[in-house]
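First up is the structure itself, then whatever we jot down about it.
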Amino acid sequence: MKAPVRMVGIALLLFTGCRKENQVEPACGGSCTVIKGRFVTDNGAQPISKLPVEIKWIKSTGIIGGTIRRKAATKTDASGYYELRFYVKDDELTDGHFAVQYAGNSADYVLDRENKGASFLDLTRDTVITSDWLLPRKAYIDFELTNPTSTPSPYYGYTTFSFANGSFPRQGRFGYGVVVTWHDPGTTRVEVAANQLIDIETLTTKNGVRVVTHDTIRLRPGSHYTHRDHY
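The number in our numbering is simply the position in the sequence shown, starting from 1, with 48 added.
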């Protein structure tokens, strides 16, 4: 039986007095919930192997306490596939949330903006969920505004660099966007996805006129590209 699941962005837990169970729970022996999928890079062309992945149950009771249980842990295989199989306890059916987390290397990949993972509410027993992940390798764009002295108020502008990244399928947008506002002189370096399309959206407002333009670019891993805009 497959049950509907709601997925929400993971929140950073900053509370004291948290009770954390360091040991992964015993393997599920029946009525198991399964979350499985694949981690890939290079626009899906290459698997990410040996990536640690685990699922936790997290219950926050505010700033003074909470509980974290390690439900299951694994590593992706040579083809990037993983499977987390665990038993949902009685109190976990009605409280807290489940978080799939992975130990991606931020030096190599543009990591998902959901804080290296995704959360699930309303998990039930005997449920199978597919959650695939795209973690792009890094390239870099250096943004330069060529005439910053010509942008006094009420002039306004920004450039957004967007690309696919993170878990899919999921509710909400499957993507990642970095916004650079046109306020400061100098160069702003932005980490972007390599080996896949990057959408560059530029919005300017000048003398009450709003103009939006789009362009696309594709970069090699580790490469640097200078993008220049002006009023």
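Yeah, the Cβ is synthetic: ideal placement off N, Cα and C, and Gly gets one too.
Query raised in the report: Exposed or buried, which one is A98 when buried takes at least 16 other CB atoms within 10 Å?
Result: Along the sequence shown, read from residue 1 onward, the residue named residue 98 stands at position 50. A small correction: the amino acid at residue 98 is Lys; Ala does not occupy that position in the sequence shown. Exposed is the call here.
Query raised in the report: Does any heavy atom of the ligand SAM sit closer than 7 Å to the C-beta of T235?
Result: No copy of the ligand SAM occurs in the structure displayed, which carries no ligand at all.
Query raised in the report: Hey, out of A241, V260, N255, whose CA is closest to S154's CA?
Result: Your numbering for residue 154 matches position 106 in the sequence shown. Cα-wise, what sits closest to S154 is A241.
Query - E249 beta carbon less than 8 Å from that of T194 - result: On the sequence shown, position 146 is the one that residue 194 refers to. On the sequence shown, position 201 is the one that residue 249 refers to. No, these two residues do not count as a Cβ contact at 8 Å.
Query raised in the report: Counting along the chain, where does the alpha helix (DSSP H) carrying E140 start and finish?
Result: As a first step, residue 140 is located in the sequence shown; it is residue number 92 there, counting from the start. 138 to 142 is the extent of the alpha helix (DSSP H) around E140.
Report task. Measure from the alpha carbon of T81 to the alpha carbon of each residue in A147, I106, L141, F134, then state which is nearest. Result -> Counting from one through the sequence shown, the residue named residue 81 turns up at place 33. Closest by alpha carbon: F134.
Query raised in the report: Quick one: Cα of D190 to Cα of T178, how far?
Result: Your numbering for residue 190 matches position 142 in the sequence shown. Your numbering for residue 178 matches position 130 in the sequence shown. D190 and T178: Cα-Cα distance of roughly 36 Å.
Query raised in the report: Hey, quick one: how far does the beta strand (DSSP E) through W230 stretch, first residue to last?
Result: Locating residue 230 in the sequence shown gives position 182, counting from the first residue. It is not in any beta strand (DSSP E) - W230 carries neither H nor E in the DSSP assignment.
Query raised in the report: Are R118 and E73 closer than 8 Å when you measure CB to CB?
Result: For the purposes of this step, residue 118 is taken as residue 70 along the sequence shown, with counting starting at 1. For the purposes of this step, residue 73 is taken as residue 25 along the sequence shown, with counting starting at 1. Closer than 8 Å, so yes.
Report task. Whole angstroms is fine: what's the gap from T114's alpha carbon to P196's? Result -> For the purposes of this step, residue 114 is taken as the residue at position 66 of the sequence shown. For the purposes of this step, residue 196 is taken as the residue at position 148 of the sequence shown. The amino acid occupying residue 114 in the given sequence is Gly; Thr does not appear at that position. Cα to Cα, the separation comes out at about 49 Å.
Query raised in the report: Span of the beta strand (DSSP E) holding A120?
Result: Here residue 120 corresponds to residue number 72 of the sequence shown, with the count starting at 1. First-last of the beta strand (DSSP E) with A120: 114 to 123.
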